[in-house]
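One structure is given below, encoded as structure tokens.
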DNA sequence: ACTAAATTGACATCATACATGTCAATATGA
DNA sequence: TCATATTGACATGTATGATGTCAATTTAGT
């Protein structure tokens, strides 16, 4: 088992890791009425306080049209509300309502607790190393795949 | 930035890593007529020499009905063929044809070259550490998310 | 100020990657 | 032998988006 084989395995473990992570998130979302994707929208609003739909789309790196649908859902559930945008009359600023803020804060906090309990069982240096490798890998895959 | 934050970031990088990896694979598949998923089927047949549809499904951890569709595609394109199964008359063994074998071997070899060139730019120990962390993480996420 | 180009929300349509349910045929095991 | 399980085939459903288009509006160039 050489270096390249290990890297090959690491790369293809990204899928099971993602699936396991999303499954864990879904479990934490159970009963909240949120989906993984609407949760992502609320999380961005929590971090940025407020944002327009196109800004959220840029953040999530998915198309604005799809973000619009998700945002409209959160508006309907009173988790977010519209605010006047001084820079653009049609493109309102989307912000969390108190209800939405309480919900996403609760969800994120429970997730962070879970992650903290996982982190406690792992070596901090190893986590840091893994993070560096994965970051570098994403970078290299994006650029290198292009030229071949 | 503490340990748990790093772990949180690492976990959520699994998605961009997977996307980058699949994009790279798709590029390597360009012109071959394969998709990421039919490629996965052929890869398993290459590793196991031959397998039934339910066996492939177990390997890929997706439903046999969907694997059946993909396998039927590869049969139609003459990349795989049916062999008698001494253990079961209805459930034939699926094997690579010469054409299929040549195709998947070529694809996999080019992928391995790319991965090898990436590995050369990374520290072998770090790759190993990252692999260990990710494996452990998947494990812990699966079990721990259940109990809470 | 006027006009061309860009942005945005809304809506419709399409694609991919699966899951789920069902049926009939066939195996398998008690 | 007879109940049960397995398999292929097919139909339908769902989640997560992409793409295209329109009208309204905004912005920028002149």
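Residue numbers (this note's numbering), protein chains in the order written: chain S, 1 to 148; chain Y, 1 to 148. C-beta: ideal position from N, C-alpha, C; glycine also. Model, not experiment: these values are computed from the prediction.
Rounded to whole angstroms, the separation of the alpha carbons of residue 18 of chain Y and residue 101 of chain S is 30 Å.
Across the set Y/84, Y/133, Y/140 and Y/142, the C-alpha of Y/133 shows the shortest separation from the C-alpha of residue 10 of chain S.
Straight-line spacing of the CA atoms in residue 24 of chain Y and residue 45 of chain Y works out to 22 Å. Taking a contact as a CB-CB distance under 8 Å, the pair residue 94 of chain S and residue 53 of chain S counts as one, their CB atoms being some 7 Å apart. Contact check for residue 38 of chain Y and residue 70 of chain Y: beta-carbon distance about 5 Å, within the 8 Å limit, so the pair qualifies. For residue 128 of chain S, the residues of chain Y that pass the 7 Å Cβ criterion are 6, in the order they occur in the chain.
For the 7 Å CB-CB criterion, residue 6 of chain S and residue 127 of chain Y form a contact. In the structure shown, the three-state DSSP call for residue 120 of chain Y is coil. CA-to-CA, the gap between residue 84 of chain S and residue 97 of chain S works out to about 15 Å.
Residue 80 of chain Y is classed as buried because its beta carbon has at least 16 other beta carbons within 10 Å across all chains shown. Judged by DSSP in its simplified three-state form, residue 101 of chain S adopts helix. By DSSP's assignment, residue 133 of chain Y forms no beta bridge with any residue. Short of 8 Å from the beta carbon of residue 118 of chain S, and not among the five residues preceding or following it, lies no beta carbon of its own chain. In the three-state reduction of the DSSP assignment, residue 35 of chain S falls in the coil class.
Any Cβ of chain Y closer than 7 Å to the Cβ of residue 138 of chain S would place that residue at the interface, and such an atom is present. Within 7 Å of the CB of residue 27 of chain S, the CB atoms of chain Y belong to 145, in sequence order along the chain. Nearest CB-CB separation between residue 133 of chain S and chain Y: below the 7 Å threshold.
Distance from the CA atom of residue 22 of chain Y to the CA atom of residue 36 of chain Y, rounded to whole angstroms, is 7 Å. Only 61 from the segment 49-69 of chain Y bring a Cβ to less than 9 Å from some Cβ of chain S.
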